[in-house]
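By the working numbering, the letter at position 381 of the sequence shown is numbered 1025, and the numbering carries on one by one without gaps.
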Amino acid sequence: SDKLQKDMDKLEKEFMATESIQRQTAWETQLVSTNGATNSVKLPEAIQKILAIKRAERKSEQNIELWKSEQGVAPELRENRKKWITAHDQHSKIDKEMARTLVFEELPKAKARETHILNRGNFLDKGVIVSPGVPAIFHPLPKDVPPDRLALARWLVDDENPLTARVLVNRAWEQFFGRGIVETVEDFGTQSEPPTHPELLDWLATEFMRQGWSMKKLHQLIVTSATYRQSSRVSTTDLARDPYNHLFARGPRVRLEAEMIRDQALAVSGLLSGKIGGPSVMPPQPDGLWQVVYSEEKWTTSAGENKYRRGLYTFWRRTNPYPSMTTFDAPSREFCVTKRSRSNTPLQALTTLNDPAYVEAAEGLARRLLTGKETSANTLARKAFQLCLARQPDRKELHRLTALYQTELKQFKKDPKSAERMACSELGKAPEGVDVCELAAWTVVANVLLNLDEVVTKG
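Take a look at the structure:
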């Protein structure tokens, strides 16, 4: 519907911009108007009435009728007219079929309900009448507007309101640094933690408002700052003085959120789907988790690229959420969570090593390595390391990876069936011309790389 409306607007602009329309059409030049009334007798009465209306005041339906009658006058516009009318008909059909519901409507002031304080919460024991307002500690609502929802919305983003912008920039800061300038991002009340850098919080809030409340500009401001671009390496002295980096004396080092960990593994392996929008999907998960009594619902793994879509699109059942994401502290979504807690458990490492989705990502990365032009173990190990960690390995790291590859290759050559299970369990047969034992050995290397702390940590 939105696309059709844009197409209609574009066609109408093209139509109106044409020279034969900028001046009046042959139909309209036949009119001799006096005080808004037409004296022409050569045109149908319905068309005369439309032409008597100022061009800017005509309705869309009137324009259509007029354009239909002008088919023979300006033939060069015939195709534009047809496209516009077709788009208008489709838009009208969608508009009629679209379900509509009343969200809310303000009651007239004369019929406004009385609101009482309920003594001790008892709805039968009504206290004094109260009226809409805002906390007295903040600036008041404007006096010249009714205290309704619109007034409250405008008050929330008013330049005089010190709270809204501070909360927003603090949450953005927390996403980048792992903790906010006010650590309790979910609580800005009297019981919250005080800001570690109040002047910075104030400046970011005022700058955010000055730039038109643009989240994009706020993010750019933060990520291009010297504070964010610092190294996350920590010295013994700094660790003893500021173990939790409250002073932001070093760059952020924080584990990625649950959905991002899986997305990154898929991206590195070359499997991640870039498809945007659409219904939820069901990526691989262990069998038997949806065996609920009196329920016929089943988890059916999505086919094709839907299997590799971002975690944002994963189907979510609150009573039985996607297991690998809850392992990495994703909330159950039974209630709103402003701040996610982070834990470090052995189960998280077992997930990235053994979960079918991560094993599949390891297989994908191994195939990505072996279907390229490189053949030497050193070159492939270096490429795998760079894909996963976005940096070059040092000599010791490279040696460990190639040694692991050689060890696993020897083992798989002794047991080809085991190699096939390792390399082809999730993605099927090995690509043509690729040795299964080599593919299995590189799958193990990829699995180890994807399980590294540095891979799942932003730092």
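Heads up, the beta-carbon is just placed ideally off N, CA and C, and yes, glycines get one too.
None of the values given here were measured: they were computed from a predicted structure.
Helix, strand or coil at residue i according to DSSP, with G and I counted as helix
{"i": "glycine 765", "result": "helix"}
{"i": "lysine 983", "result": "coil"}
{"i": "histidine 760", "result": "strand"}
{"i": "glycine 948", "result": "helix"}
{"i": "lysine 1054", "result": "helix"}
{"i": "lysine 770", "result": "strand"}
{"i": "lysine 787", "result": "coil"}
{"i": "threonine 828", "result": "coil"}
{"i": "valine 747", "result": "coil"}
{"i": "leucine 898", "result": "Residue identity check: residue 898 is valine in the sequence provided, not leucine. Strand, per DSSP."}
{"i": "valine 925", "result": "strand"}
{"i": "lysine 726", "result": "helix"}
{"i": "lysine 737", "result": "helix"}
{"i": "lysine 942", "result": "coil"}
{"i": "lysine 919", "result": "coil"}
{"i": "lysine 698", "result": "coil"}
{"i": "alanine 681", "result": "Caution is warranted here: a pLDDT of 45 is assigned to alanine 681, below 50, making its placement in the model unreliable, and no coordinate value can be reported."}
{"i": "threonine 1101", "result": "strand"}
{"i": "valine 912", "result": "helix"}
{"i": "aspartate 802", "result": "coil"}
{"i": "alanine 754", "result": "helix"}
{"i": "threonine 871", "result": "coil"}
{"i": "glutamate 1041", "result": "helix"}
{"i": "threonine 669", "result": "With a pLDDT of 47 at threonine 669, under the threshold of 50, the modelled position of this residue cannot be trusted, and the question is left open."}
{"i": "isoleucine 866", "result": "helix"}
{"i": "asparagine 889", "result": "coil"}
{"i": "tryptophan 847", "result": "helix"}
{"i": "isoleucine 691", "result": "helix"}
{"i": "arginine 810", "result": "helix"}
{"i": "lysine 650", "result": "helix"}
Beta-carbon gap between residue i and residue j smaller than 8 Å
{"i": "alanine 1010", "j": "tryptophan 1086", "result": "yes"}
{"i": "valine 1003", "j": "asparagine 889", "result": "no"}
{"i": "alanine 1067", "j": "threonine 1046", "result": "no"}
{"i": "valine 1145", "j": "leucine 1048", "result": "It is not possible to answer for residue 1145, since the shown part of the chain is limited to 645 through 1103."}
{"i": "phenylalanine 959", "j": "serine 917", "result": "no"}
{"i": "lysine 951", "j": "threonine 944", "result": "no"}
{"i": "lysine 1027", "j": "leucine 1013", "result": "yes"}
{"i": "phenylalanine 1056", "j": "cysteine 1032", "result": "no"}
{"i": "leucine 845", "j": "arginine 823", "result": "no"}
{"i": "arginine 962", "j": "glutamate 940", "result": "no"}
{"i": "glutamate 837", "j": "valine 826", "result": "yes"}
{"i": "leucine 956", "j": "glutamate 903", "result": "yes"}
{"i": "proline 928", "j": "alanine 1034", "result": "no"}
{"i": "aspartate 931", "j": "serine 968", "result": "no"}
{"i": "serine 876", "j": "glycine 1077", "result": "no"}
{"i": "glycine 1008", "j": "leucine 1094", "result": "no"}
{"i": "valine 801", "j": "tryptophan 857", "result": "yes"}
{"i": "phenylalanine 983", "j": "glutamate 830", "result": "In the sequence under discussion, the amino acid at residue 983 is lysine, which differs from the phenylalanine named in the question. Yes, Cβ-Cβ distance for lysine 983 and glutamate 830 is below 8 Å."}
{"i": "valine 772", "j": "tryptophan 799", "result": "no"}
Nonlocal neighbours in the same chain, by C-beta distance under 6 Å from residue i, ignoring five residues either side
{"i": "threonine 971", "result": "Leu991, Gln992 and Thr995"}
{"i": "glutamine 855", "result": "Lys861"}
{"i": "threonine 673", "result": "Because threonine 673 carries a pLDDT of 47, less than 50, the predicted location of this residue cannot be relied on, and the following value inherits that uncertainty. Hits under 6 Å: none found."}
{"i": "aspartate 769", "result": "Asn763"}
{"i": "glutamate 1064", "result": "Val1080"}
Cut-off 7 Å between Cβ atoms - residues of its own chain near residue i, not counting five sequence neighbours on either side
{"i": "alanine 893", "result": "Asp882 and Asp886"}
{"i": "arginine 953", "result": "Ser917, Lys919 and Val925"}
{"i": "asparagine 1022", "result": "Leu1042 and Thr1046"}
{"i": "threonine 828", "result": "Ser836 and Glu837"}
{"i": "proline 839", "result": "Ile825, Val826 and Leu845"}
{"i": "histidine 863", "result": "Ala816"}
{"i": "serine 853", "result": "The sequence given here has methionine at residue 853, not serine. For methionine 853, where only same-chain residues beyond five positions count, the Cβ hits under 7 Å are Asp803 and Ala809."}
{"i": "isoleucine 905", "result": "Phe972 and Val1100"}
Nonlocal neighbours in the same chain, by C-beta distance under 8 Å from residue i, ignoring five residues either side
{"i": "glutamate 709", "result": "Ala690, Ile691 and Ile694"}
{"i": "serine 985", "result": "Asp973"}
{"i": "proline 806", "result": "Phe782 and Ala849"}
{"i": "tyrosine 872", "result": "Phe820, Phe821, Ile866, Gly895 and Pro896"}
{"i": "valine 774", "result": "Thr759, His760 and Ile761"}
{"i": "tryptophan 934", "result": "Glu941, Lys942, Trp943, Arg961 and Asn964"}
Quiz item: Hey, which unbroken runs of the alpha helix (DSSP H) at 4 residues or more fall wholly within the region 955 to 1039?
Solution: 967 to 971, 990 to 998, 1000 to 1014 and 1021 to 1033
Exercise. Would you check if there are 3 or more beta carbon pairs closer than 8 Å linking the region 762 to 771 to the region 782 to 789?
Key: no
Quiz item: With contact counted as at least three CB pairs below 8 Å, one residue from each stretch, are the region 811 to 823 and the region 783 to 802 in contact?
Solution: no
Quiz item: Which full runs of the beta strand (DSSP E) of 3+ residues lie inside the region 1046 to 1099, going along the chain?
Solution: none
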